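Student: Residue numbers (the working numbering), protein chains in the order written: chain A, 226 to 645; chain B, 226 to 645. For each residue, glycine too, the CB sits at the ideal point set by N, CA and C. Here the structure is a predicted model, which is why all the values come from computation and not from measurement.
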């Protein structure tokens, strides 16, 4: 039943490539006009978008989606306004394209310029949050990239309505609507075919749960940038300021436990554990956090459950925290390397040498000293916005903003030079 | 028959990861000592290496390898010395690791440092050139990466002997020999299993023909950086200096036709074609270059054969050149976009505006004005050496030197900051 996909996808791919070429040569001012018009259209077409969303919500209820899922799916007036505001924020971000990163002259007189350019066509695969449609398309557009969107089946009507609004904004500014394309099919076969379109799509960014992302990586011949999960650690060193540690742990665990940069494990240096562990337990219990500890911690904190091997690599995304007592900083570093996800890890210490040792040895995208892991975020890093967080080791690590959505090329100016 | 691979590969992967962690924390001076010792060992173990190579050559002759293949496989005294010299050259290159790329302070006082770090474990898949073994391992080591090498089956004995020498150099400097590992199996199943080891290998760089590279991309769940081929163009603009154009075309086509940055197609602006085409044909005939032209070129140059559609996307790697007359610079840009490989493309023009327009519109890794495409090379770009050339659009484009073999991480220094 899916045999027609490939022809349609091929057409969409070619259209994306053509649109991306035009977009790559478009100046920032014109891209900003498009973003502005797209934002306006979202507001203008609010009723249509909400009607479509209503349809998705009804289908969702029939299918028995959880309340949390239905909430994520819902496009209230405020959420539509937030999408529009998001696009307007992007107009204020500096366009990295065209920036000369470095220039050098070779002994033979060749002048080499390394210049930022768009990546080309970016595929975004996401789940039931329809706001990603506008957010991702807007950021990619500002960086000069066309998008090939594949949202969750639950949100197909909402996504289509949002894309219609974005298209109107583009066309009103004489830009091809194929700068933003939404995959109209929501079955797995369609996404698998999309993942083999390496001729047309340059990069895939999956956003969603670990299972979704693993499937994408498994089936893609296109480069994928992603993080599977965030198992983030906080090490309370022997030279920690206890008050700072408590504040940081509270924030990293409790402020928003369902996100990837929330802490999942606290490691406590043995020499301070007896004093620190009960204080921490008390603070966390006030915050309704359940504790799972190793033997030693459970001895110090009677209310803690015993952690098993699986706990150390679990992203709870909830008010649960695993805790381990460590003998030496190297044990902590080893634990983080073995069980962590190379996302965000922190040390609390007043000892500068220990801090340096930790930041050198912990091989994660973001390594913190005396600060909450919750800062791993494009906005908090000053990037203005982000398309996601990467724990990969090529192209981009940590929060990915506009700059990370670009590539570069070399422009070499000569005067008849040939190679000898 | 291959069921034991996975366990062995798993072990090799874990060993690579451990070795890479140690290497990542090793200072440049110590890495240089390793490289120095590895070079020495190559020279010291020259006889063993040549014996092993002899075995490969005999097997190759039995298997009926072409003379060109046998030549590539041969490790003469000079070639072994060149490998050793290559390693010594790498000691002189600046180590990018640990370099703070940028630092900024957020309004809340958080200090964010973006610091260069190694990628981790790099897999290199290559064909019958055993010198790649030492060259790739050496460059990766200097950038702090362990290597997981898979050379062609024809060279297995030579590669093993080279790796033995490199191991001795490493162990003499108290470094784990697993910094350089060679896949001992040479069948396809082993390489396919290697390509799914995304837990242990961070990046795959395939070096070889297009067919090999396509297979790697198809089967890899690990990110791959590559170029399939180099179909490089030279556009002779209406405002070209004819003498410069002839010199550049001669160099780009004839100086070393078998490499990826050699020119395969010349595009000539119609308004100068009548004068320029015969001169170019004369020069190229002196160089024994066969010409395949479009109708218009064939009318101007009677000795040219008629090119067919396939010619425009063919990487001849030989003394053959396709030639097309274009009406407008946009036709040339479109032709390059459609048939090119986004590797290296050049314009010859004295018109500055035309040059700028060309370099903006041509979407290739390296775009030249008035210079030969043959300069796309790590050495020529001043990188000292290169591990390959990328036509991909993420992580690295163009020649990849030490810097492109690294990643980065963020180190964030706080004073108790939490997110509000």
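Using CA atoms only, rank isn't needed, just tell me which of A:347, A:528, A:329 is closest to residue 340 of chain A.
Tutor: For the residues A:347, A:528, A:329, the minimum Cα distance to residue 340 of chain A belongs to A:329.
Student: For the region 319 to 334 of chain B, which residues have a beta carbon sitting closer than 8 Å to at least one beta carbon of chain A?
Tutor: 329, 331
Student: Can you say whether residue 443 of chain A is buried or exposed, counting buried as having 16 or more other CB atoms within 10 angstroms of its CB?
Tutor: exposed
Student: Pick out the complete beta strand (DSSP E) segments inside the region 538 to 579 of chain B, 3 residues or longer, and give them in chain order.
Tutor: Runs of the beta strand (DSSP E) inside the region 538 to 579 of chain B: 545 to 551, 569 to 573.
Student: Would you kindly report the start and end of the unbroken alpha helix (DSSP H) that includes residue 243 of chain B?
Tutor: 230 to 249
Student: Spell out whether any CB of chain A is found under 8 Å from the CB atom of residue 448 of chain B.
Tutor: yes
Student: With 8 Å as the threshold, decide whether the Cβ of residue 632 of chain B is near any Cβ in chain A.
Tutor: yes
Student: In angstroms, rounded to a whole number, what distance separates the CA positions of residue 227 of chain A and residue 238 of chain A?
Tutor: Low per-residue confidence applies at residue 227 of chain A: pLDDT is 49, beneath 50, and the placement is therefore not dependable enough to give any value.
Student: If you draw a straight line from the alpha carbon of residue 542 of chain A to that of residue 459 of chain A, how long is it in whole angstroms?
Tutor: About 16 Å.
Student: If we call anything under 8 Å between Cβ atoms a contact, is residue 612 of chain B one with residue 630 of chain B?
Tutor: yes
Student: Taking 7 Å as the cut-off, does the CB of residue 623 of chain A come closer than this to any heavy atom belonging to the ligand ZN?
Tutor: Judged by which ligands are present, the structure shown has none, so any question about the ligand ZN falls away.
Student: Are there 16 or more other CB atoms within 10 angstroms of the CB of residue 275 of chain B, so buried, or fewer, so exposed?
Tutor: buried
Student: With a threshold of 16 other CB atoms inside 10 Å of the CB of residue 256 of chain B, please say whether the residue is buried or exposed.
Tutor: buried
Student: Helix, strand or coil, according to DSSP, for residue 517 of chain A in the structure here?
Tutor: strand
Student: Evaluate contact between the region 427 to 443 of chain A and the region 472 to 483 of chain A, counting only Cβ atoms and requiring at least three cross-stretch pairs below 8 Å.
Tutor: no
Student: According to DSSP, residue 409 of chain B sits in a beta bridge with which residue or residues?
Tutor: Answer by DSSP bridge pairing: none, since residue 409 of chain B is not bridged.
Student: List, in chain order, every chain A residue whose beta-carbon is nearer than 9 Å to that of residue 638 of chain B.
Tutor: 580, 584, 593, 594, 595, 596
Student: Within the 8 Å Cβ cut-off, does residue 442 of chain A reach chain E?
Tutor: No chain E appears in this structure, whose protein chains are A and B.
Student: Where does the unbroken beta strand (DSSP E) through residue 459 of chain A begin, and where does it stop?
Tutor: 457 to 461
Student: Straight-line CA distance for residue 382 of chain A to residue 325 of chain B?
Tutor: 47 Å
Student: Any chance the region 602 to 617 of chain A sits against the region 307 to 317 of chain A, with 3 or more Cβ pairs inside 8 Å?
Tutor: yes
Student: Using the Cβ count rule (16 or more neighbours within 10 Å means buried), how would you classify residue 414 of chain B?
Tutor: exposed
Student: How would you list, in chain order, the residues of chain A whose beta-carbon sits under 9 Å from the beta-carbon of residue 605 of chain B?
Tutor: 331, 333, 335, 644
Student: Mind checking which residues open and close the alpha helix (DSSP H) that includes residue 401 of chain B?
Tutor: No alpha helix (DSSP H) holds residue 401 of chain B; DSSP gives it neither H nor E.
Student: Please state whether DSSP places residue 453 of chain B in a helix, a strand or coil.
Tutor: coil
Student: Over the uninterrupted alpha helix (DSSP H) stretch that includes residue 535 of chain A, give me the two end residues.
Tutor: First-last for residue 535 of chain A: undefined, no H or E at that position.
Student: Residue 634 of chain A and residue 547 of chain B: beta carbons closer than 8 Å?
Tutor: no
Student: Tell me whether residue 299 of chain B sits in a helix, a strand or coil according to DSSP, three-state version.
Tutor: coil
Student: Which bits of chain A does residue 618 of chain B rub up against, with CB to CB less than 8 Å?
Tutor: 344, 345, 427, 428, 632
Student: Express the C-alpha separation of residue 297 of chain A and residue 395 of chain B in angstroms, rounding to a whole number.
Tutor: 54 Å
Student: Do the region 382 to 391 of chain A and the region 277 to 286 of chain A make contact, defined as three or more Cβ pairs closer than 8 Å?
Tutor: yes
Student: For residue 497 of chain A, tell me which candidate among A:331, A:573, A:453 has the shortest Cα-Cα distance.
Tutor: A:573
Student: For the alpha helix (DSSP H) that contains residue 371 of chain B, what are its first and last residues?
Tutor: Judged by DSSP secondary structure, residue 371 of chain B falls outside any alpha helix (DSSP H) and instead within the beta strand (DSSP E) spanning 371 to 375.
Student: Please report the residue range of the alpha helix (DSSP H) in which residue 344 of chain A lies.
Tutor: It is not in any alpha helix (DSSP H) - residue 344 of chain A carries neither H nor E in the DSSP assignment.
Student: Please confirm whether residue 556 of chain B has its beta-carbon closer than 8 Å to some beta-carbon of chain A.
Tutor: Taking 8 Å as the CB threshold, residue 556 of chain B stays off the interface with chain A.
Student: Are there three or more Cβ pairs, one per stretch, closer than 8 Å when the region 284 to 295 of chain A is compared with the region 573 to 585 of chain A?
Tutor: no
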